[in-house]
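Beneath this line is the structure, given in structure tokens, with notes to follow.
Numbering (the numbering used here), first residue to last: 428 to 541.
As structure tokens, then:
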């Protein structure tokens, strides 16, 4: 049975750590605080801190996969090439993962489109 491919909802721990290191290093180079970055992009300091640490406050390495809009905002405020951040997020040890969710169609539809 074929499987549908769906996007992961969380970053792989290695990708989360790599993203966090880059965000932290660049923020330090610019002399900005976590709060300043969070305020600029319109997220809470806690959310930004989670991205930068690569883990949540409970030590879980489940970091939400950031939206493209958030990645672009981060790149802008941190003066980074958005492609670099996108590459880290997508180099997620298989950002797309096969799951046993909805089987992909194997036969053409009986009803042609109107």
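The C-beta atom is built at its ideal place from N, Cα and C for all residues, glycine as well.
Exposed or buried, residue 462, counting other C-beta atoms within 10 Å across all chains shown (16 or more means buried)?
Classified as exposed, residue 462 has fewer than 16 neighbouring CB atoms from the shown chains inside 10 Å of its CB.
Exposure of residue 457, with buried meaning 16 or more beta-carbon neighbours within 10 Å
Looking at its Cβ environment, which holds fewer than 16 other Cβ atoms inside 10 Å, residue 457 is exposed.
Nearest-angstrom Cα separation, counted from residue 474 out to residue 517
Taking the straight line joining both Cα atoms gives about 20 Å.
For residue 482, which beta-bridge partners are listed by DSSP?
By DSSP's assignment, residue 482 forms no beta bridge with any residue.
Same chain, Cβ closer than 6 Å to residue 472, neighbours up to 5 away in sequence not counted
Annotation for residue 472: 461, 462, 465 place their beta carbon closer than 6 Å to its own, counting only its chain and skipping 5 residues before and after.
If you run the structure through DSSP and keep just helix, strand and coil, what is residue 429?
Interpretation of residue 429 is limited by its pLDDT of 46, a score under 50 that renders its predicted location unreliable; no figure is taken from the coordinates.
So, are the CB atoms of residue 504 and residue 467 less than 9 Å apart?
By the CB criterion at 9 Å, residue 504 and residue 467 fall inside the cutoff.
Leaving out the 5 sequence neighbours to the left and right, which residues in its chain are closer than 8 Å to residue 508 when beta-carbon positions are compared?
These residues qualify, in order along the chain: 502.
Between which residues of its own chain and residue 479 is the CB-CB distance below 6 Å, once the five residues before and five after are set aside?
The answer, listed in chain order, is 447, 450, 451.
State the Cα-Cα distance for the pair residue 506 and residue 445, rounded to the nearest angstrom.
If you take the alpha carbons of residue 506 and residue 445, they lie about 17 Å apart.
Out of curiosity, what's the CA-to-CA distance linking residue 494 and residue 477?
The alpha-carbon atoms of residue 494 and residue 477 are separated by roughly 15 Å.
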